[in-house]
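Those letters in the sequence shown? Residues 0 to 559, per numbering that gives the first Met the number 0, in order.
C-beta: ideal position from N, C-alpha, C; glycine also.
As the structure is a prediction and not an experimental result, all values here were calculated from the model.
The structure appears below as C-alpha cells.
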Amino acid sequence: MDAESDEQKEITQRPKWDNKIQYLLTCIGFAVGLGNVWRFPYLCQTYGGEEFLIPYVIALVFEGLPLLHMELAIGQRLRMGSVGVWSSISPYLGGLGVASMLVSFLIGLFYNMILAWILWYFFHSFQSPLPWRDCPVNLNHTGYLTECEKSSAVNYFWYHETLNITPNIDTSGSLQWWLVLCLASAWCIVYICFIRGIETIGKAIYATATFPYLVLTIFLIRALTLPGANDGLIYLFTPNWETLKNPKVWLDAATQIFFSLSLAFGGLIAFSSYNPQKNNCERDALIVGCVNSFTSIYASIPIFAILGFKANENNNNCQNWNILTLTNAFNIGVGNITLENYGEWLNYLNKTDPSEVESLNLKACNLQTFLEEVFIVTCLMMSDILLTGLICLISFAVALIFTLGSGNYWLEIFNSYVGSVLLLIIAFFEIIAVAYVYGINRFNDDIEWMTGRRPNIYWQATWRFISPFMLLVVFVVYVVIEAEKQPTYNAWNPDYVHFPLADVLHYPEWVFAICVLLSILPVVSIPLVAFYKFMCFLKNYTMNRHNQNPYANECCHGEL
Numbered sequence: 000m001d002a003e004s005d006e007q008k009e010i011t012q013r014p015k016w017d018n019k020i021q022y023l024l025t026c027i028g029f030a031v032g033l034g035n036v037w038r039f040p041y042l043c044q045t046y047g048g049e050e051f052l053i054p055y056v057i058a059l060v061f062e063g064l065p066l067l068h069m070e071l072a073i074g075q076r077l078r079m080g081s082v083g084v085w086s087s088i089s090p091y092l093g094g095l096g097v098a099s100m101l102v103s104f105l106i107g108l109f110y111n112m113i114l115a116w117i118l119w120y121f122f123h124s125f126q127s128p129l130p131w132r133d134c135p136v137n138l139n140h141t142g143y144l145t146e147c148e149k150s151s152a153v154n155y156f157w158y159h160e161t162l163n164i165t166p167n168i169d170t171s172g173s174l175q176w177w178l179v180l181c182l183a184s185a186w187c188i189v190y191i192c193f194i195r196g197i198e199t200i201g202k203a204i205y206a207t208a209t210f211p212y213l214v215l216t217i218f219l220i221r222a223l224t225l226p227g228a229n230d231g232l233i234y235l236f237t238p239n240w241e242t243l244k245n246p247k248v249w250l251d252a253a254t255q256i257f258f259s260l261s262l263a264f265g266g267l268i269a270f271s272s273y274n275p276q277k278n279n280c281e282r283d284a285l286i287v288g289c290v291n292s293f294t295s296i297y298a299s300i301p302i303f304a305i306l307g308f309k310a311n312e313n314n315n316n317c318q319n320w321n322i323l324t325l326t327n328a329f330n331i332g333v334g335n336i337t338l339e340n341y342g343e344w345l346n347y348l349n350k351t352d353p354s355e356v357e358s359l360n361l362k363a364c365n366l367q368t369f370l371e372e373v374f375i376v377t378c379l380m381m382s383d384i385l386l387t388g389l390i391c392l393i394s395f396a397v398a399l400i401f402t403l404g405s406g407n408y409w410l411e412i413f414n415s416y417v418g419s420v421l422l423l424i425i426a427f428f429e430i431i432a433v434a435y436v437y438g439i440n441r442f443n444d445d446i447e448w449m450t451g452r453r454p455n456i457y458w459q460a461t462w463r464f465i466s467p468f469m470l471l472v473v474f475v476v477y478v479v480i481e482a483e484k485q486p487t488y489n490a491w492n493p494d495y496v497h498f499p500l501a502d503v504l505h506y507p508e509w510v511f512a513i514c515v516l517l518s519i520l521p522v523v524s525i526p527l528v529a530f531y532k533f534m535c536f537l538k539n540y541t542m543n544r545h546n547q548n549p550y551a552n553e554c555c556h557g558e559l
C-alpha cells in the first residue's frame, strides 16, 4: 500500500468526538485557563483596567478570531495534528508544528507551577484561622514580625511561607519541599487526565470546563460583599486615555490574545481534527472566541473586587501605623486621630511642625498606589501510558527550578519571554502558510465544502492582509522596545530601604542570555526543518540526474 493510501486510511480511522457539545466544551476548556483568570487580570491591573480592554478587543477582532477560525478550519479539513497539518501543506513548514509543541511544553511548565501554588493554598484553606489572616508573633512574643507588619499577612504568607523567596535571582536558595510535593501532585493530575487520550479528555471535560465558572461565580458573589470592592471595580472600568499612548499596552494586548484563546499552541488544531469534516467551524470559532473573552472579563470582576478590598485594607493599615506614630510623637490622646480625620490631622501637623513630621518617616498611604501594586490572587480550577508518564516526569524535573527560593523570578522570566514573541512568530507563519502556501482560494473552497457557505469579506481581509500585517508590526515594535532597555525584575527584599515596595533590579548578564535563548530557541526549528528539507530536495535532484532512485531517502517524500 502506498504512502498516500496509508495516510488516507489513518485519517478515515481517526477517532471522533462523541458529540458537538463535547468538542465545544473541550475547545473552551482548552482556551479558558490561567490566561483568562490570571494573566488577563494581571495585565489589566498593570495598565490601569479599562484602557487595556480597548486594545484587547481590537486585537481580538483583527487577530484572535481570524486565527482561531483558521486553526479550527485547517485542522478539521486535514484531520491531523499540528505537525501533520503544516507538514502536509509544505514539507518546509514541518518545523512550525515542532515550534508549537516546544512553546506548549515550556508554557506548560510554569502554568503547572501556578497549579501547584493553587493546590498549596487549597490544602491550607481548610485551616481555621487561615494562615494568611494574621501576622505571626516575633521570637520575644512582644509583637508581630517586623517583615509582616511592614507589608501584610497576605504578602508575608505568600513571599515568606509559600515561596521562601530569596532577595535576588543570583541567590537560588534550596528546593522548597512543600512546593515540590504540590508540583508532583499537579503533574499527577495531568497524567491521569491524559493517559487515555481523547477518550479521557472527552469524558472529563464536562466537569473540568464548567467547574471554573461555578468557582468564579462563588468568588464573584463573595468578592462583591467585601468592603472596598467598589474601588477595585471603579479602577477596572475607568479608562485613562493617556495610557493608550504607551505602545507596550498594545503589544501586551496583541500577545495576550494568544494566551486567552490558546492560539499557535497546536491544541486547537488537534481538537478540531477529531471533528467530522462537514461541520460549521466558523460558528465554532465565534462561539469559542466570544465565550473566552466573556470569561476574561467575568474573571476580572471578582479579582478586581478583591483587589479593591486588599487596597483599602492595606491603606487602612498604613494609616493606622502613621496614626500610632503621630500619637506617640506629639503626645496626642489615643483615639483622637482616627481613619476618618487622619488627613486633617496630617495637614495640621505639617503646617505647625513640618520638620518633626518629616523626621518620623511616615508611610506614604495612597489608595491608588495600593491598587496599582502587583497583586496576589489565588484561584481554584481544575496515547500512550509510558510516553505520557515519561513526558510528565521530564516536565516535573525541569519545573523544579520554580520550587527554588528564586523560583518566582524564573517563573516571571518564562511568563515574559517564552510566550509573547514566540507565539507572534508562529502565528505569522501559520497565517502565511494557509493564505499564501496552501492558497486562500483553496482554503475558501474547503470552508465552503465543510460549512455550506463561503467566508465573507471580513475573514478574507483579515486572513490576506490585516492579521499578518498586524502580527508583523507588533513583532517589529516588540523587538525594538525590548532592544532599547535593559530588562528588570521586582525582588522581594526586606532589607530594601523602601520595603514593602519591590526592589527593582537588573537581570545579570547570564540570566539575560537565558531570556534571549528562551525567546529564540523554540522557533529555531522552523528554519532548521526548512533547511533540512531543502538539502533533501537537492539530494533527490542530484540522484535523479544520475538516474538513481529519488526516494531512497525517506526524508525526501513529498518534496517539490
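If we call anything under 9 Å between Cβ atoms a contact, is residue i one with residue j?
| i | j | result |
| --- | --- | --- |
| Ile390 | Pro238 | no |
| Leu243 | Glu50 | yes |
| Ala72 | Leu421 | no |
| Leu560 | Leu348 | Past the boundaries of the shown model lies residue 560; the chain is included only from 0 to 559, so the question cannot be answered. |
| Gly63 | Ser259 | yes |
| Asp230 | Gly307 | yes |
| Leu423 | Tyr477 | yes |
| Leu504 | Asn167 | yes |
| Phe498 | Asn492 | yes |
| Gly406 | Leu178 | yes |
| Met79 | Asn278 | no |
| Ile302 | Gly28 | no |
| Leu182 | Asn111 | yes |
| Ala304 | Leu219 | yes |
| Pro90 | Lys532 | yes |
| Trp320 | Lys362 | yes |
| Leu174 | Val417 | no |
| Ala58 | Val287 | no |
| Met100 | Val433 | no |
Would you mind sorting residue i into buried or exposed? The rule is 16 or more other CB atoms within 10 Å of its CB.
| i | result |
| --- | --- |
| Ile519 | exposed |
| Ile20 | exposed |
| Cys187 | exposed |
| Gln318 | buried |
| Arg452 | exposed |
| Met380 | For Met380, the pLDDT reaches just 33, beneath the cut-off of 50, and the residue's location in the model is therefore unreliable, although a value from the coordinates is still provided. When all chains shown are included, Met380 counts as buried. |
| Trp16 | buried |
| Thr165 | buried |
| Gly48 | buried |
| Phe270 | buried |
| Tyr540 | exposed |
| Val373 | For Val373, the pLDDT reaches just 48, beneath the cut-off of 50, and the residue's location in the model is therefore unreliable, although a value from the coordinates is still provided. Result: exposed. |
| Trp409 | buried |
| Trp124 | Looking at the sequence provided, one finds Ser at residue 124 rather than Trp. Burial call: exposed. |
| Arg257 | Contrary to the premise, residue 257 reads as Phe rather than Arg in this sequence. Phe257 comes out buried. |
| Ile525 | buried |
| Val479 | exposed |
| Ala263 | buried |
| Phe121 | exposed |
Give the range of the alpha helix (DSSP H) segment to which residue i is assigned.
| i | result |
| --- | --- |
| His123 | 93-123 |
| His68 | 64-77 |
| Asp230 | 228-236 |
| Leu504 | Segment 502-505 is the beta strand (DSSP E) holding Leu504; no alpha helix (DSSP H) there. |
| Leu516 | 508-544 |
| Glu160 | First-last for Glu160: undefined, no H or E at that position. |
| Arg221 | 210-223 |
| Ala310 | 280-328 |
| Lys149 | 145-149 |
| Tyr22 | 19-30 |
| Cys364 | Element bounds for Cys364: n/a, residue is neither H nor E. |
| Thr45 | 39-45 |
| Gln255 | 246-260 |
| Trp344 | 341-351 |
| Pro54 | 49-58 |
| Ala263 | No alpha helix (DSSP H) contains Ala263, which DSSP labels as neither H nor E. |
| Ser85 | Here the sequence assigns Trp to residue 85, which means Ser is not the residue at that position. Counting along the chain, the alpha helix (DSSP H) containing Trp85 begins and ends at 81-88. |
Can you give me the start and stop residues for the beta strand (DSSP E) that residue i sits inside?
| i | result |
| --- | --- |
| Tyr488 | 487-490 |
Hey, is the segment 460-468 in contact with the segment 99-118, meaning 3+ C-beta pairs nearer than 8 Å? no
Continuous alpha helix (DSSP H) assignments of at least 4 residues falling wholly in the segment 172-197: 176-193
Do the segment 86-102 and the segment 288-300 touch if we need at least three Cβ pairs shorter than 8 Å? no
Every unbroken alpha helix (DSSP H) inside the segment 404-484 [4 residues or more]: 406-416, 419-431, 439-450, 456-460, 466-482
Count the C-beta pairs between the segment 156-165 and the segment 352-361 that are closer than 8 Å, then say yes if the count reaches three, no if not. no
Indicate whether the contact test is met: 3 or more Cβ pairs, each with one atom in the segment 79-87 and one in the segment 502-522, closer than 8 Å. no
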